[in-house]
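Remember, my numbering sits 517 above the position in the sequence shown when you count from 1.
For glycine and all other residues, C-beta sits at the position ideal for the given N, C-alpha and C.
Treat the numbers as computed from the prediction; the structure is a model and nothing was measured.
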Amino acid sequence: MRNMVAALSLVFVLPVWAVAAPSASKAGVPPAAPGTSTKPAKKTVLPSNSFAATCAFLDKHTKTVVLTDGAGLGRVVVAPEYFGRIMASTYGGDTGPTLGWINRAVIAGKKDPKFANYGGAERMWISPEGGQFSTFFKPGAPFDFANWFVPAEFNDAALSIVETGPGRLGMSKGVQVTNYLGTKLVLRVDRMVSLVPSSSLRELVSCDLPTGVDFVGYRTDNSIWNMGSSTMTVDSGLVSIWILSMFTPSKNTVVIAPVVRDAVGPVVIDDYFGKVPASRLVYDEAQGAVAFKADGKERGKIGLPPERARDVVGSMDFEKGILTVMKFSRPAGGKYLRNSWQKHEDVFGGDVVNSYNDGPPGPGLKALGGFYELENLSPARELARGEKLTHWSTVLHFHGPLDRLNAISLAALGVDLTKLPKPGAGPKKAAR
518 MRNMVAALSL
528 VFVLPVWAVA
538 APSASKAGVP
548 PAAPGTSTKP
558 AKKTVLPSNS
568 FAATCAFLDK
578 HTKTVVLTDG
588 AGLGRVVVAP
598 EYFGRIMAST
608 YGGDTGPTLG
618 WINRAVIAGK
628 KDPKFANYGG
638 AERMWISPEG
648 GQFSTFFKPG
658 APFDFANWFV
668 PAEFNDAALS
678 IVETGPGRLG
688 MSKGVQVTNY
698 LGTKLVLRVD
708 RMVSLVPSSS
718 LRELVSCDLP
728 TGVDFVGYRT
738 DNSIWNMGSS
748 TMTVDSGLVS
758 IWILSMFTPS
768 KNTVVIAPVV
778 RDAVGPVVID
788 DYFGKVPASR
798 LVYDEAQGAV
808 AFKADGKERG
818 KIGLPPERAR
828 DVVGSMDFEK
838 GILTVMKFSR
848 PAGGKYLRNS
858 WQKHEDVFGG
868 DVVNSYNDGP
878 PGPGLKALGG
888 FYELENLSPA
898 RELARGEKLT
908 HWSTVLHFHG
918 PLDRLNAISL
928 AALGVDLTKL
938 PKPGAGPKKA
948 AR
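1) Check the DSSP bridge columns for M709 and list the partner residues they point to.
2) Please name the residue in S677, E824 and G729 whose C-alpha comes closest to that of H916.
3) Does the count of Cβ pairs from the stretch 880 to 900 and the stretch 660 to 674 closer than 8 Å reach three?
4) How would you call F662, buried or exposed, if buried means at least 16 neighbouring beta carbons within 10 angstroms?
5) Measuring straight from C-alpha to C-alpha, what distance separates G626 and I925?
6) Do the stretch 627 to 643 and the stretch 769 to 789 meet, that is, are 3 or more Cβ pairs less than 8 Å apart?
7) Count the other C-beta atoms from every protein chain shown that fall within 10 angstroms of the C-beta of G850, then say buried if there are 16 or more, exposed otherwise.
8) With 16 other CB atoms within 10 Å as the buried threshold, where does G699 fall?
9) What are the partner residues of G803, as DSSP defines its beta bridges?
10) Taking 8 Å as the cut-off, decide whether the C-beta atoms of N874 and A811 are in contact.
11) Exposed or buried, which one is T750 when buried takes at least 16 other CB atoms within 10 Å?
12) Would you list the one or two residues that DSSP bridges to P469?
13) Ignore the nearest five residues each way along the sequence and tell me which others in F632's own chain have a CB closer than 6 Å to its CB.
14) Pull the bridge partners of S872 from the DSSP assignment, please.
15) Taking just the CA atoms, how far does T615 sit from G601?
16) Considering only their Cβ atoms, is the gap separating I773 from L937 smaller than 8 Å?
17) In the structure shown, what three-state DSSP assignment does A605 receive?
18) Which of the three DSSP states, helix, strand or coil, is assigned to A550?
19) So is V793 buried or exposed if we call it buried at 16+ other beta carbons inside 10 Å?
20) Taking only three categories from DSSP, how would you classify Y599?
21) With three or more beta-carbon pairs closer than 8 Å as the criterion, would you say the stretch 824 to 831 touches the stretch 874 to 885?
22) One question on the structure: do K852 and A808 come within less than 8 Å of each other, judged by their Cβ atoms?
23) Please determine, among P597, V777 and K701, the residue with the shortest C-alpha to C-alpha distance to G754.
24) How far does the alpha helix (DSSP H) with E670 in it extend, from its first residue to its last?
25) Based on Cα-Cα distance, which residue from T911, I624 and E862 lies nearest to V733?
26) Taking buried to mean at least 16 other C-beta atoms within 10 Å of its own C-beta, is T737 buried or exposed?
27) With respect to the alpha helix (DSSP H) encompassing E904, which residues constitute its N-terminal and C-terminal limits?
28) With 16 other CB atoms within 10 Å as the buried threshold, where does T652 fall?
29) Going straight from the alpha carbon of G684 to that of L840, what length do you get?
30) Please classify V864: is it buried, with 16 or more other beta-carbons within 10 angstroms of its beta-carbon, or exposed?
31) So what's A570 in DSSP terms, helix, strand or just coil?
32) When DSSP labels each residue in this structure, what does F790 get in the three-state scheme?
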């Protein structure tokens, strides 16, 4: 049974079906009057996509912790045994909709050794994925899918709970991984998950919560400590913190990535898995934003390099009326590692922001599950023994009328949703 970290305490909640009312005869209630039905009341059945139903499913397979905001309706469910993933959130209490893509087949036991793809509204990995510093490929292995494996320590390992408090959960674990150079890295991962109060919105996104808009937000503070016997250097291999959020797509969902318009270099990197078609990727030069179709139907990935990326990315589900904003730490002068599957002459110059849209990886092959991702990364740097790398990331979900969501988008992303060209509907300009 899951734990609920409420305003001041842990509360254990029984599912609805576990509490049965006594029958009339056993309770000593007189027989019903003639013509009155004695049938028991129908049990309340929550929609399968409700937050409570999602938690009930997760509780059958792993231990979870639910963070609440006290009197509000915001909820976040965390799975410490899945490396501290935030599995889902909601702005509507137990009966509210689940925000975050959940891979039920894998959670129920059908795990791929390459990647235990449980889903989740936020997980933490280490970067880079490819290149000399990669921990996803064994030393000397070809950079291809057959040899790609998510490091076991970050794939399916449990974090220990080290702190609980009002609306927050702290976790930690010591890990050991070997990079492509053959260097063994001895690390400690610390991860704090906390709810974001609406009172923090002005500081985060320069606006207050409009009336009539539902909201839930969460933040993670992540650290990687060098617990080895020597300094982590460019010669031995560096790492960075990689944050990935999986969400459920719709045919009218668009990822919105604000860019620095007057920078030099490509606006967006769009050839991770072959070129993203121009019909699915649009650059709105007037607003300074890339729009990427996120329907979970065609595999593709984009990235924004340091010269172009800002400290925010988002998405808009025009079908469900949900605006998502991801804000993260972006230290000045940071160097970002390349993630592409090849050896690099220059290991730096990688992306700050990424977005992935799922789809079949090839003819006759199945997609990973039909989701889309918003991602952000920390810079990398050399770490002396006992030194740590830190990075924070927030996800903010808003649900409401388009005009009120547009006010938030203008403040947080600098983008007018009513003027944003939708990929596939006659783009203004291809994002190249």
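In brief:
1) G687 and D738
2) G729
3) no
4) exposed
5) 40 Å
6) The stretch 627 to 643 is not in contact with the stretch 769 to 789.
7) Burial check for G850: the Cβ neighbour count within 10 Å stays below 16, so the residue is exposed.
8) exposed
9) Checking the displayed sequence, the identity of residue 803 turns out to be Ala instead of Gly. Bridge partners of A803: none, in fact.
10) Result yes, Cβ atoms of N874 and A811 sit closer than 8 Å.
11) exposed
12) An answer regarding residue 469 cannot be provided, because it is not within the stretch 518 to 949 covered by the chain.
13) V667
14) I819 and L891
15) 18 Å
16) yes
17) strand
18) In this prediction, A550 has a pLDDT of 44, which is less than 50 and means its spatial position is unreliable; what the coordinates show is noted afterwards. Looking at A550 - three-state DSSP - the assignment turns out to be coil, as it is neither helix nor strand.
19) buried
20) helix
21) no
22) no
23) K701
24) A669 to N672
25) T911
26) It is buried - the Cβ of T737 has at least 16 other Cβ atoms within 10 Å.
27) Note, E904: premise wrong, no alpha helix (DSSP H); not H, not E.
28) buried
29) Straight-line Cα distance between these residues: approximately 23 Å.
30) buried
31) helix
32) In the structure shown, F790 adopts coil according to DSSP, grouped into three states.
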